[in-house]
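The next block holds one structure in the form of C-alpha cells; read it before the comments.
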Amino acid sequence: MGQGSITTIDEQTIRRARRGETEAFAEIYAAYAKRCFNLALRISGNRAVAEDVVHDAFIKVMQKIRTYRGEASLWSWIRQITANTTINVLARRKWWRSLDALTDADGDWSMPEPGSSDDRGAAEHDLVTLLGRLPVQARTVLILHDMEGMTHKEIGALFGQTESFSKSVLFRARKQLESDLQT
Amino acid sequence: MTARSQTSNLENVLARLPSEDLPDHLWSRILETHHATRRLRRRRLGVGGGLFAVIVISLALVFRGADVPATDRLAELQARGQLLEERAINYTIAGSGLSPAARIELGETRAAILNLDQALALAYAEDRPDAEITALWERRVELLGRLLATYAIHGDGAQAI
Numbered sequence: 004m005g006q007g008s009i010t011t012i013d014e015q016t017i018r019r020a021r022r023g024e025t026e027a028f029a030e031i032y033a034a035y036a037k038r039c040f041n042l043a044l045r046i047s048g049n050r051a052v053a054e055d056v057v058h059d060a061f062i063k064v065m066q067k068i069r070t071y072r073g074e075a076s077l078w079s080w081i082r083q084i085t086a087n088t089t090i091n092v093l094a095r096r097k098w099w100r101s102l103d104a105l106t107d108a109d110g111d112w113s114m115p116e117p118g119s120s121d122d123r124g125a126a127e128h129d130l131v132t133l134l135g136r137l138p139v140q141a142r143t144v145l146i147l148h149d150m151e152g153m154t155h156k157e158i159g160a161l162f163g164q165t166e167s168f169s170k171s172v173l174f175r176a177r178k179q180l181e182s183d184l185q186t
Numbered sequence: 004m005t006a007r008s009q010t011s012n013l014e015n016v017l018a019r020l021p022s023e024d025l026p027d028h029l030w031s032r033i034l035e036t037h038h039a040t041r042r043l044r045r046r047r048l049g050v051g052g053g054l055f056a057v058i059v060i061s062l063a064l065v066f067r068g069a070d071v072p073a074t075d076r077l078a079e080l081q082a083r084g085q086l087l088e089e090r091a092i093n094y095t096i097a098g099s100g101l102s103p104a105a106r107i108e109l110g111e112t113r114a115a116i117l118n119l120d121q122a123l124a125l126a127y128a129e130d131r132p133d134a135e136i137t138a139l140w141e142r143r144v145e146l147l148g149r150l151l152a153t154y155a156i157h158g159d160g161a162q163a164i
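Those sequence lines, one after another, are chains F and H. Heads up: the first sequence runs through residues 4 to 186, numbered per the working numbering. Heads up: the second sequence runs through residues 4 to 164, numbered per the working numbering.
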C-alpha cells in the first residue's frame, strides 16, 4: 500500500468509511498514516512506539469515523487522535514524568539528525540533539505547536489542561533549549 | 542568537526532520485487530441484547418514578417507549385470527425493534451524542406504535388487558 502521499480525502470516501467500507479506510490510511507515524516518531523517537500509536490511532479512526462531523479537516481530526494516542501510549510505557522534571529526558529518543553537517549549521544540529534531551512532555508540546501548528488551546485540551499550561510548557522548553545551547 | 531567531531556527530544524516510512505489515495488523474487535462486539451484543431490553425498561421505570422534566426529550421518549411496550406485552392475540400477512408484518417489526435495541446498546457503549441516541429512541417508539397498530388492525380477537 502506498504511504505518505498528501492526498485529500473527498466527502464520498468519508461517507463510505462511515458505512464501514474497508476500502475507504484503506484510502484514508494511505493518505495520512505516514504523517501520523512521523508525528508519533518525532515525539517518541522510537519506531516501535510510533507503530503502536498508528495502530491504536487508526483503530480509533475506524471506530469513531461516524462522529467526525467535518467541522475541521479530516487531517486535523486524525492528528488530534494521533497526538492523544501518543500521549496514552507513552503514559502506558511510563515515559511520562512530571513537568517539574524538565532537566531529565524520558524514554529513548533516537531521532536521526536532519541532513548532513555540510549543509546544516552547527546550531541546528545542536538543536536536534537537545530536542532529544528534552522531557517527552515538553517535546510533545513543542512539536505539536511549532511543527504541527496546533493551537495552545488544542494542546492544553489534549493534556486536560488550559491553554496557559501549553504556553507555559512551550516557554520552559524553549528556555531550556536556549540555555543548553549557550553552555 | 536572540530568542526570536532561536525559535525560528528551531522551527526550521523541526521542519527538516527526516520523514520515515511505515512498515508494510502495519495496515494488515490494524485490519486484523479491527475485525477481531467487531466480531467480539457482535458476540457481546448478541448476549447483551436481551439484557439491555430489561435494563432499558427498568431505567424507564426509574426515570418515570423520578419525575423527569417533560422537556427532556430523551426521557420523554423512553417513558413513551415503556408505555407502548407494556401495552404490546399486555396484548393477547388469538393466533388463529392473524392472517399470514399480519404475522409476517409483526415478525418484521419485532425484528426491526431487536435490531434497534442492538444499535442503541452500541450507541450507549460508544458514548454517542445525545442527538443520535434520541433519534434511535424516536425510531423505537415509532416501531412500537406500528407493532400496536398491527395488533389492532389484524388481531381478530386481540384485546388490550
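Where is the CB? At the ideal position from N, CA and C, for every residue including glycine. Since the structure is predicted, the reported quantities are computational estimates derived from the model, not experimental observations.
Nearest CB-CB separation between H:Ile33 and chain F: below the 7 angstroms threshold. Burial state of F:Pro138 is buried, judged by a 10 Å Cβ sphere holding 16 or more other Cβ atoms.
Fewer than three pairs of CB atoms, one per stretch, sit closer than 8 angstroms, so the segment 128-137 of chain H makes no contact with the segment 101-116 of chain H. Between the segment 20-30 of chain F and the segment 61-71 of chain F, the count of Cβ pairs shorter than 8 angstroms is three or higher; the stretches touch. DSSP places F:Asp55 inside the alpha helix (DSSP H), whose first and last residues are 50-67. Using beta-carbon distances, H:Thr137 does not count as an interface residue toward chain F, since no partner is under 7 angstroms. At a cut-off of 7 angstroms, the C-beta of H:His37 has a neighbouring C-beta in chain F. Interface with chain F (7 angstroms Cβ-Cβ cutoff): H:Leu119 is excluded.
Here H:Glu23 carries a coil assignment [DSSP, helix/strand/coil]. Counting C-beta pairs with one atom in each stretch, the segment 155-162 of chain F and the segment 27-42 of chain H have fewer than three that are closer than 8 angstroms, which means they do not touch. The criterion of a C-beta distance shorter than 7 angstroms is not satisfied by H:Leu77 and H:Val144.
F:Glu166 has its alpha-carbon roughly 8 angstroms from the corresponding atom of F:Glu157. In its chain, beyond the 5 residues on either side, no residue has a beta carbon closer than 8 angstroms to the beta carbon of F:Gln15. Any Cβ of chain F closer than 7 angstroms to the Cβ of H:Leu125 would place that residue at the interface, and such an atom is absent.
Inter-residue distance for H:Thr36 and F:Arg21 is about 18 angstroms (C-alpha atoms, whole angstroms).
F:Asn41 is a Cβ neighbour of H:Ser22, given a cutoff of 7 angstroms. For H:Glu111 against H:Leu147, the beta-carbon gap comes to about 14 angstroms, at or over 8 angstroms, which does not count as contact. The beta carbon of F:Thr89 lies closer than 6 angstroms to those of Ala43, Ile46, Val56 in the same chain, with the five residues before and after it left out. A residue is called buried once 16 or more other Cβ atoms fall within 10 Å of its Cβ, and F:Leu173 is buried on that count.
Annotation: Cβ neighbours of H:Glu23 in chain F (cutoff 9 angstroms, chain order): Lys37, Phe40, Asn41, Leu44, Arg50, Ala53, Pro115. 7 angstroms or more divides the Cβ of H:Leu117 from the Cβ of F:Met150.
With 16 or more other Cβ atoms inside 10 Å of its own Cβ, F:Glu54 counts as buried. When 7 angstroms is used as the limit between beta carbons, F:Tyr32 is near these residues of chain H: Trp30, in chain order.
In this structure, the straight-line span from the alpha carbon of F:Arg38 to that of F:Arg96 is close to 22 angstroms.
In the structure shown, F:Ala75 adopts coil according to DSSP, grouped into three states. In the three-state scheme derived from DSSP, where H, G and I count as helix and E and B as strand, F:Gln164 is classed as coil. The Cβ neighbour count for F:Ala60, taken over all protein chains shown within 10 Å, is at least 16; the residue is labelled buried.
Sixteen is the threshold: since fewer than 16 other Cβ atoms of the shown chains lie within 10 Å of the Cβ of F:Asp13, the residue is exposed.
Neighbours of F:Met65 across chain H, judged by C-beta separation under 7 angstroms: His37. Assigned with DSSP and collapsed to three states, H:His37 falls in helix. Straight through space, the alpha carbons of H:Thr137 and H:Asp75 are spaced by roughly 10 angstroms. A straight-line Cα-Cα distance of about 31 angstroms links F:Thr11 and F:Lys170. By the neighbour-count criterion, in which a residue is buried when 16 or more other Cβ atoms sit within 10 angstroms of its Cβ, F:Ala176 is buried. Interface flag for H:Leu20 against chain F is set, since a Cβ pair is found closer than 7 angstroms.
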